[in-house]
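Reading the sequence shown from the start, the letters are residues 939 to 1516 in our numbering. A virtual CB, placed ideally from N, CA and C, is assigned to each residue, including glycine. Model, not experiment: these values are computed from the prediction. Here's the structure we're looking at; comments come further down.
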Amino acid sequence: MRRISPFLRDAWRLAGPYWRSEERWRGRLLLAVVVILNLALVGMSVLLSYWNREFFNSLQAKDGDAFWSLLFWWRQTDSGPMPGFVFVATIYILVAVYALYLRQALQIRWRRWLTREYLDHWLADRAYYRIALTSPGTDNPDQRIAEDLRMFVDGTLTLGLGLMRSVVSLASFFVVLWTLSGPLTVFGITIPGYMVWVALLYAMLGTWLAHLVGRPLIWLNFNQQRMEADFRYALVRFRENAEGIALHAGEADEKRSLLSRFHGVVENWWAIMVATKRLTFFTSGYTQVAIVFPFVVASPGYFAGRIPLGGLTQTAAAFGEVQGALSWFVDNYAALTEWRATVHRLTGFADAIKAARTAAAAGAGVHTATGDRPDLALQDVTLALPDGRVLVHDAEASIAPHESVVIAGPSGAGKSTLFRAIAGIWPFGSGKVQVPAGARALFLPQRPYLPLGTLRHAICYPRDEAEIPEEAVRAALRDVGLGYLENRLDEEDAWDRHLSGGEQQRVAFARALLHKPDWLFLDEATASLDPEAEARLYTLLKERLPETALVSIAHRPAIAQYHRRMWRVQDGKLLANA
939 MRRISPFLRD
949 AWRLAGPYWR
959 SEERWRGRLL
969 LAVVVILNLA
979 LVGMSVLLSY
989 WNREFFNSLQ
999 AKDGDAFWSL
1009 LFWWRQTDSG
1019 PMPGFVFVAT
1029 IYILVAVYAL
1039 YLRQALQIRW
1049 RRWLTREYLD
1059 HWLADRAYYR
1069 IALTSPGTDN
1079 PDQRIAEDLR
1089 MFVDGTLTLG
1099 LGLMRSVVSL
1109 ASFFVVLWTL
1119 SGPLTVFGIT
1129 IPGYMVWVAL
1139 LYAMLGTWLA
1149 HLVGRPLIWL
1159 NFNQQRMEAD
1169 FRYALVRFRE
1179 NAEGIALHAG
1189 EADEKRSLLS
1199 RFHGVVENWW
1209 AIMVATKRLT
1219 FFTSGYTQVA
1229 IVFPFVVASP
1239 GYFAGRIPLG
1249 GLTQTAAAFG
1259 EVQGALSWFV
1269 DNYAALTEWR
1279 ATVHRLTGFA
1289 DAIKAARTAA
1299 AAGAGVHTAT
1309 GDRPDLALQD
1319 VTLALPDGRV
1329 LVHDAEASIA
1339 PHESVVIAGP
1349 SGAGKSTLFR
1359 AIAGIWPFGS
1369 GKVQVPAGAR
1379 ALFLPQRPYL
1389 PLGTLRHAIC
1399 YPRDEAEIPE
1409 EAVRAALRDV
1419 GLGYLENRLD
1429 EEDAWDRHLS
1439 GGEQQRVAFA
1449 RALLHKPDWL
1459 FLDEATASLD
1469 PEAEARLYTL
1479 LKERLPETAL
1489 VSIAHRPAIA
1499 QYHRRMWRVQ
1509 DGKLLANA
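Take a look at the structure:
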């Protein structure tokens, strides 16, 4: 119980917000209808148990009129008016269909809401970036959002509604079985409703044994989800870096890596197979015995003539329903272990997002300048790595609007980390970055990001392409030397794979021309271009964006000529007046 309570709190922590959200009334209404339909199915199962008794009694009595009436019309019986099977079956089918249909409608609405919530939290405060730094053990966020949320919603509704039906079935058929089974005298002790107690003992024993046999599946299912996601991620990474792998002729090494990851999937799957085989041996045997067990227990009354054939079948059916309801845990053990693993993965992901967003307050904080201070200023900024090693100590520097600064220094000194701190995404360090109010900044990394979609979308990103005039987009393409792509602006393609590194960097410069930022930061943004192209693009920036402050990280000395000042990062210091 000590283990179950925290787990149930975690499950409610995931499920509860939807039922308190802006969609709560629609969701609650759908759930209420689904619950009512499921309860109706239980009620119809009780009705069918009585119909079944009258039907078999008509067979035993060789009563043809009763037989046909019970099939196609209705008949007055000792249990009251009994509708024909065709009517009961038709209504049962309609209720079952809409119970499933509306449950699926609730499922997709709940999943849609959860997906939006998780995406909002994952993207807020750039947690998607920081999570890899603050919680490196939180793997594959794509799988947790796409797959685990689906499994959680499906498992919660399926298991929850199944448990509810089992409880209601137990209450409904408990009365039926208690009435039908009568008393049993053992060693002079009379036991009323003895078959109820037999069903209870049978189910309790089965539940205990199922837990003992199936307990290893909890961790194995958790591990399987993680390994499957790791293998899928490795395949995606292979696809995204196909050119680099091909140029290195690294197929053999990649194959070893992929097969090694898949080996973990296979080994864990074999362990699941063994554990599932043991559990299936038990549950299959348990289920098969349950088919004949009630007939064996009730047969003395039938052979003694106290119970007619219909009464025997109804007793067996009622016993099966009671035993099945009590055995819900046994029947759903494997599904419960998968659901539990999913809950653990999602709560771990939610905690990692929270930690990453908390880390947004750490590091060098970005603050909006007050008063008439238009400069971008670093105040007592210290930058460190995740392992605690300090890159830059107590940096003090400022950049005025319209100014141009080049940042130089050896590789690994902390130049790119300085850009990350100015962008407000680096959580390790201290100090303050003062940013002018309303300033629009654009960062161009060495490897530009080209989103999925059309080339127009990639150039306009992250602005809405509809906001930018057609001719402005085409002119920007021509200005950066990509005029030959004008006719492909609305073509959807994997542009990050079909454009060369130099072409991608030209796209990034076109983006800068369209956005016209107040502050433009370039982190070796021309490293894939030849010196002549680099010179043309920097000249273009100076001509077209005269009001933009230009800050560049570069190793090529030629870039310095396009900047008025130089900062040097070296030996843990920022020399801002170099």
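Does the distance from the CB of residue i to the CB of residue j come in under 9 Å?
i     : j     : result
S1466 : Q1443 : yes
A1333 : D1318 : yes
A1379 : W1457 : yes
T1285 : R958  : no
A1236 : S1119 : yes
L1099 : R1041 : yes
T1355 : L1316 : no
A1209 : L1143 : no
Q1261 : A1228 : yes
V1106 : L1008 : no
H1331 : G1510 : yes
V1507 : A1351 : yes
G965  : R1047 : yes
G1022 : W1012 : yes
A1254 : P1232 : yes
Y1056 : R1082 : yes
A1463 : V1411 : no
Given that a residue counts as buried once 16 or more other Cβ atoms are within 10 Å of its Cβ, and exposed if not, what is residue i?
i     : result
M939  : Residue placement at M939 is poorly supported in this model, since its pLDDT is 43, which falls under 50; the coordinates are not used for a value here.
S1222 : exposed
T1117 : exposed
P944  : exposed
Y1132 : buried
R1054 : exposed
I974  : exposed
P1324 : exposed
Y956  : buried
N1425 : exposed
G1018 : exposed
Q1014 : exposed
F1112 : buried
K1215 : exposed
H1436 : exposed
G1367 : buried
L1155 : buried
L1393 : buried
Y1422 : exposed
L1488 : buried
V1371 : buried
I1497 : buried
So, is the C-beta of residue i closer than 9 Å to a C-beta in chain C?
i     : result
L1095 : Protein chain content of the structure displayed is limited to a single chain, and chain C is not contained in it.
Which residue's Cα is closest to the Cα of residue i: the options?
i     : options                    : result
Q1226 : T1251, D1269, R1194, T1253 : D1269
L1517 : S983, D1428, V1489, D1402  : The question about residue 1517 has no answer, for the chain in this structure spans 939 to 1516.
N1179 : A1432, S1490, L979, A1255  : A1432
F1176 : A1004, E1408, F1160, R1199 : R1199
S1490 : L1382, Q1508, A1446        : L1382
F1169 : A1184, R1194, V1151, G1152 : R1194
F1267 : Q1372, G1152, L997, P1455  : G1152
N995  : L1247, E1259, L1420        : L1247
W1146 : P1339, S1265, A1514, A1351 : S1265
E1166 : A1141, G1188, L1512, E1205 : E1205
Let me check one thing: in DSSP terms, what residues is residue i bridge-paired to?
i     : result
P1021 : W1012
I1491 : I1345, D1461
F1111 : DSSP output for F1111 lists no bridge partner at all.
T1392 : E1430
A1379 : W1457
A1209 : For A1209, which the question treats as bridged, DSSP gives no partner whatsoever.
A1414 : A1414 pairs with nothing; no bridge assigned.
A1322 : V1328
Can you tell me whether residue i sits near the ligand NAD, meaning its C-beta is under 8 Å from at least one heavy atom of the ligand?
i     : result
L1415 : What this structure holds is no ligand at all, so the ligand NAD is not there to describe.
Can you give me the start and stop residues for the beta strand (DSSP E) that residue i sits inside?
i     : result
R1506 : 1503–1508
S943  : S943 -> not in any beta strand (DSSP E); alpha helix (DSSP H) instead, spanning 942–957.
I1337 : 1328–1337
L1513 : 1511–1513
Name the two residues that bound the continuous alpha helix (DSSP H) containing residue i.
i     : result
G981  : 962–998
Y1066 : 1065–1072
H1340 : Counting along the chain, H1340 falls outside any alpha helix (DSSP H), and DSSP gives it neither H nor E.
G1188 : Careful: G1188 lies outside any alpha helix (DSSP H) and carries neither H nor E.
Y1140 : 1132–1152
T1285 : 1271–1296
S1354 : 1353–1361
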